[in-house]
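For reference, the structure is listed below as structure tokens.
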Amino acid sequence: MDSTPDLDRFDSRRSTAYARNGMVATSQPLAAQAGVAALREGGNAFDAAVTTAAVLNVVEPMSTGIGGDAFALYRTADGDVGAFRSCGGAPGDATLSTMRDRVAERSGVDPSRASMPNAGPLAVTVPGTVRGWDRLLDDHGERSLAAALDPAIEYARAGFPVSEVVADMWTVAEALFTEADAREEYLLDGRSPEPGEVMTLPDLADTLSTIATEGADAFYEGPLAERIAEAVQDRGGLLAADDLAGFDPEYVDPVSTTYRGAEVYELPPNNQGLIALEALNVAEELDAGGYDYDSAQRVHYFAEALKRAFHDGHHYITDPEFEDVPALGSKSYAAERAETVSERAGSVSIGGPGAPPEDGDTVLLTVADDAGNVVSFINSIFGNFGGGVVVPGTGITLQNRGSSFSLDPEHPNRIEPGKRPFHTLIPGLLRLDDDDWAAFGVMGGYMQPQGHLQVLANVLDYGMPLQAAMDAPRWRYRADGSLAVEDRFPEGLLPKLARRGHDVVIQPPSAFGGGQITRLTDGVISGATEPRKDGTAAGF
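Just so we're aligned, residue 2 is where the sequence shown starts under this note's numbering, counting upward by one.
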């Protein structure tokens, strides 16, 4: 059986990009160019990553920002593989009973039936981004935090033209922001900006300037921290200034597995990297990547592998300092789970109590430099403009990551003071051999491990060039049990999936995430970017 896909039908708008000195791939061109400029000015991949992330805070503010969390997987020029997590926990006053009572007061339900809100002040957790940027640069960069923030400050103060996909995502702010200061900061005369219109974010520029001048601690201690805590508490939330002051980033050991002879690295719990690893292991056990690319069997077996991984991950993954998490990424466990897969779609459920909201807005960037540093970096405020809480006069939009907690006292992911929630964010790292490394990822809530599975299979099973691997049509298993697909699959494939028991629905490209990939192979850097976003892969 010929398993080679016809790449021409993917209608790529781009080719894989190639360079020798450095490359940045991300979802917005101005941010990618700022990262490349950092490389040209003597920075390394870590400097470029933080610079790019800071600009994305300005030019794609609904997806990321200093009010959120940051994560990285990397391979250094010295050959070290590492994982970095800058993720805050629940406020110190966020006991289960207190949160249930607060939710009940706001929603009018009995406290025993309360569930975490998807947005608003009660969903705010401690932001990790700023100290994360600072720590990563101190430990691995060549330049200062102030230098990394300069381009973002300039765009926020002088203005930037809004790109097309970002403009479409921005429209949610018209209904989300009801307070005057937030509307003044993020809307133009009460409306979201159109593509090409110039936006300025002066309050955010001032905040970033304060951090550049006074250092990361200015965000977590003193007047700015007090303003952040006050903004949350005035709206009924629990975050306190002491919660901010006590936060520190951490290095953790990555988790990994092998797939088709390559090693895949992911973040451990409280992140959902184990879901991606379990899905890869089950798919390999089923030989899902051995079927013809256009066959229903390929999509069926990959989707069934993913279902089982989601079911397990959404039950078990939480902060490991509070609960033990099983070894979901082991080959032996995958063999057991593969035995439950048949030729018909299973009724395995995902989501449910304690599972995170299905969708989120996030940025991913990947960077490689000629010294041998390869970095996959994620920065996010989770929901579109986070939880909708903007700190007055600062331009800071706070994340709603607490919405991923459960209020079920028996659930491993139940809320507790200082506990970090189940986190969807998973940068990826791939080692094909000692001289061939790739940083990758696909964003979008539940889409992230599904995107990892599909992009890796495109590269490793079907030998696609990087850009074709990004362009290829995607599927997405959803919490309601349906199998969502893009409408670019071959004619006849979708009815075959339906006959196997899948509830097939067609959704627009925006439902299938935003991916990036950068690869360093024998001194040549290649890169690809998500065709479903505004992004670019820029090198020199």
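C-beta: ideal position from N, C-alpha, C; glycine also. In this text, all values refer to a predicted model and were calculated from it rather than measured experimentally.
Start-to-end residues for the alpha helix (DSSP H) that takes in residue i
i	result
Glu337	332 to 339
Leu123	Looking at the DSSP string, Leu123 is not in any alpha helix (DSSP H), and its letter there is neither H nor E.
Phe303	297 to 317
Val166	165 to 171
Asp242	The identity of residue 242 in the sequence shown is Ala, whereas the question assumes Asp. 242 to 246 is the extent of the alpha helix (DSSP H) around Ala242.
Thr130	130 to 141
Span of the beta strand (DSSP E), counted from its first residue to its last, around residue i
i	result
Glu42	Per DSSP, Glu42 belongs to no beta strand (DSSP E) and is neither H nor E.
Ala289	First-last for Ala289: undefined, no H or E at that position.
Glu267	263 to 267
Gly515	515 to 522
Tyr156	Tyr156 -> not in any beta strand (DSSP E); alpha helix (DSSP H) instead, spanning 146 to 159.
Thr258	256 to 260
Ser483	483 to 486
Leu329	That residue, Leu329, is in no beta strand (DSSP E); it is neither H nor E in DSSP.
Thr395	Looking at the DSSP string, Thr395 is not in any beta strand (DSSP E), and its letter there is neither H nor E.
Gly540	537 to 540
Val364	363 to 370
Val25	23 to 27
8 angstroms contact criterion, which residue i and residue j should meet: CB distance rounded
i	j	result
Ala263	Leu433	5 angstroms
Leu287	Val265	Rounded, the Cβ-Cβ distance is 17 angstroms, inconsistent with contact.
Ala440	Leu430	6 angstroms
Val551	Met200	The first residue shown for the chain is 2 and the last is 541, placing residue 551 beyond what the model contains.
Thr96	Pro418	6 angstroms
Asn271	His412	Not confirmed; about 14 angstroms, so no contact.
Ile526	Arg21	7 angstroms
Pro122	Gly237	5 angstroms
Val84	Val253	Reading off the sequence, residue 84 comes out as Ala, not Val. Yes, they are in contact, since the Cβ atoms of Ala84 and Val253 sit about 5 angstroms apart, within 8 angstroms.
Met444	Val368	At roughly 16 angstroms, the Cβ-Cβ gap does not stay under 8 angstroms, so Met444 and Val368 are not in contact.
Simplified DSSP state of residue i, which is helix, strand or coil
i	result
Ala440	strand
Tyr478	strand
Met117	coil
Glu222	coil
Glu251	strand
Ile526	strand
Thr17	coil
Pro162	strand
Ile507	strand
Pro354	Because the pLDDT at Pro354 is just 47, under 50, the model does not fix this residue reliably, and the value given afterwards should be weighed accordingly. It is coil, neither helix nor strand.
Leu498	helix
Ile382	coil
Met2	Interpretation of Met2 is limited by its pLDDT of 44, a score under 50 that renders its predicted location unreliable; the figure taken from the coordinates is listed afterwards. Coil, per DSSP.
Ala35	helix
Gly274	helix
Leu239	coil
Ala512	helix
Gly347	coil
Val283	helix
Residue-level contact to chain B via CB, residue i, 8 angstroms cutoff
i	result
Asp325	The structure shown has no chain B; it contains just one protein chain.
Three or more C-beta pairs below 8 angstroms linking the region 252 to 260 and the region 108 to 127: No, the region 252 to 260 does not touch the region 108 to 127.
Continuous alpha helix (DSSP H) assignments of at least 4 residues falling wholly in the region 46 to 108: 46 to 60, 97 to 108
The region 468 to 487 in contact with the region 325 to 340 per 3-pair CB rule at 8 angstroms: no
Contained alpha helix (DSSP H) runs [length at least 4] in the region 175 to 232, N- to C-terminal order: 181 to 187, 203 to 215, 218 to 221
The region 383 to 400 / the region 220 to 234 touching (three or more Cβ pairs under 8 angstroms): Taking 8 angstroms as the limit for Cβ pairs, the verdict is that the region 220 to 234 does touch the region 383 to 400.
Continuous alpha helix (DSSP H) assignments of at least 4 residues falling wholly in the region 404 to 466: Fully enclosed alpha helix (DSSP H) runs of 4 or longer: 448 to 461.
Stretch pair the region 171 to 187 + the region 86 to 104: three plus CB contacts closer than 8 angstroms: no
Any 3 or more C-beta pairs closer than 8 angstroms across the region 119 to 130 and the region 23 to 33: no
Meets three-Cβ-pair contact criterion under 8 angstroms: the region 234 to 245 and the region 192 to 212: no
Stretch pair the region 442 to 454 + the region 464 to 479: three plus CB contacts closer than 8 angstroms: yes
Any 3 or more C-beta pairs closer than 8 angstroms across the region 335 to 347 and the region 296 to 308: yes
Touch test, the region 367 to 385 against the region 71 to 90, Cβ-Cβ under 8 angstroms, three pairs minimum: Taking 8 angstroms as the limit for Cβ pairs, the verdict is that the region 71 to 90 does touch the region 367 to 385.
Validate contact between the region 141 to 155 and the region 36 to 43 using beta carbons, cut 8 angstroms, 3 pairs: yes
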